[in-house]
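Heads up: the sequence shown begins at 4 in my numbering, then just goes up one per residue.
These notes concern the structure reproduced below.
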Amino acid sequence: MNNLCAEIGWKSINHEGEQLCGDHVDIIEQDENSTVIVLADGLGSGVKASILSTLTSKIISTMMAEGLPLEECVATIAATLPICSVRGVAYSTFTIIHLINNETAEIIQYDNPHVIMIRDCEPFKYTETELNIGGKNIFKSQIKLQEGDVFVAMSDGCPHAGIGTAFNFGWKRDDIADFMSGLVPVGYTAKTLSTMLVDECDKLYGGHPGDDATACVVKIRKREPMNLLFGPPRNPDDCDRMMSLFFSKEGKHIICGGTTSSIAAKYLGKPLKASLNFEQSDVPPIAEIEGVDLVTEGVITINKVIEYAKDALGKNELYEEWGFKRDGA
């Protein structure tokens, strides 16, 4: 096992007037280090498109996670998708990013905008091999992963943004690549990068999206083990044993709560210093103990962290708060 891991985040906006999104993202972890990510875009918009994209992403991600060949996945989709009564076809585009042991990315693309790859904060052109499987032209790539690599998969609602308004021919893929390259060095999370891209698409649509738009970002970074200690032991005699176990762990160390912080300071033989440099916030100020990466208040701060986490897993509307503020949460 190497020391790399994949951070994955995605965001969608619906076609104006539709309650369901015609795009769908499925993520299946084969094991701790291998993941299958599928972004599917169903024909049209609304309920029919949602059914097509959901079936496509579920079938492909499940079959590939079980090690079945791509040819069998494509054949299964063709035999399974319901045929549209209006257009007479069963159609859904898809993008597959298969992370293998966090060492290699296998990218498989059918009729979606091609995945943007950013390496060393610049757009990176990767090699593609064209295959014909079941009458479909499919592009396949194998890429050796490096720390800092970022992959941006998207539905065609992203490059179609701004057609006839901001741009004559939409937001071109190369321009999207330049836009994302400018954001990557800042250090945003994968979820925030996808949110910022889709929010920009929404602006180009003038707040009235003419298509479903989805972006899925995969960010390759080093693993960062984190150890969180919250609350003293039930038996005061166990304090030293608890602290010894906590500080023996690899990675960053975060302590929450006044009592726990005092116990840690005593164990380390270091003073507990309240920080006077804190933002006006609904989160209490942090403190400092030499040898501890972060010292915070307890219940209020943890509740705020949970609020941010729930939002990040949902609409991610608070990313400007937790992404830029420097309080304990």
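C-beta: ideal position from N, C-alpha, C; glycine also.
- The stretch 149-162 makes contact with the stretch 120-133, as at least three CB pairs between them are under 8 Å.
- Between K255 and E227, the C-beta spacing is below 8 Å.
- In this structure, I136 lies away from V39, with their beta-carbon atoms at least 8 Å apart.
- Relative to the Cα of K147, the nearest Cα in the group A108, F182, E133 and H163 belongs to A108.
- Taking 8 Å as the cut-off, the beta carbon of E131 is found closer than this to the beta carbon of S144.
- Counting every other CB atom within 10 Å of its CB across the protein chains shown gives V298 a total of 16 or more, marking it as buried.
- In the DSSP assignment, the residues bridged to I30 are I40.
- Shortest Cα-Cα distance from S53 to any of V28, P72 and S64 involves V28.
- The C-beta separation of Y311 from T198 comes to about 13 Å, leaving the pair out of contact by the 8 Å criterion.
- Only exposed fits D34, as fewer than 16 other CB atoms lie within 10 angstroms of its CB.
- In the three-state DSSP reduction, E323 falls in the helix class (H, G or I).
- Its Cα nearest to that of G190, the residue K225 stands out among D177, K225 and K307.
- By the CB criterion at 8 Å, D296 and N17 fall outside the cutoff.
- The beta-carbon distance between D177 and N115, rounded to whole angstroms, is 16 Å. This is too long to meet the 8 Å contact definition.
- DSSP places N230 in the strand class (E or B) of the three-state scheme.
- In the displayed model, C124 falls within coil according to three-state DSSP, outside both helix and strand.
- Rounded to whole angstroms, the separation of the alpha carbons of A218 and L231 is 32 Å.
- For the stretch 140-214, the full-length alpha helix (DSSP H) segments reaching 4 residues or more read 176-186 and 193-207 along the chain.
- For N105 and E32, the gap between their C-alpha atoms comes out near 12 Å.
- The way I'd put it, the stretch 233-248 does touch the stretch 258-274; three or more beta-carbon pairs between them come closer than 8 Å.
- If the five residues before and after A277 are omitted, its C-beta is found closer than 6 Å to the C-beta atoms of A290, all from its own chain and listed in chain order.
- Annotation: S15 is outside any alpha helix (DSSP H); the continuous beta strand (DSSP E) that includes it extends over L7 to I16.
- Residues L102, I103 and N104 of the same chain have their beta carbon placed closer than 7 Å to that of S37, with the five preceding and five following residues left out of the count.
- Separation of H211 and L316 (C-alpha to C-alpha, rounded to the nearest whole angstrom) is 24 Å.
- Judged by DSSP secondary structure, N135 falls within the beta strand (DSSP E) whose first and last residues are T132 to I136.
- In this structure S56 is in contact with S95, their Cβ atoms being roughly 5 Å apart against a cut-off of 8 Å.
- In the structure shown, C259 falls within a strand segment according to DSSP collapsed to helix, strand and coil.
- Only residues of its own chain outside the window of five on either side were considered, and among them E10, V153 and A193 have a CB closer than 6 Å to the CB of K222, listed in chain order.
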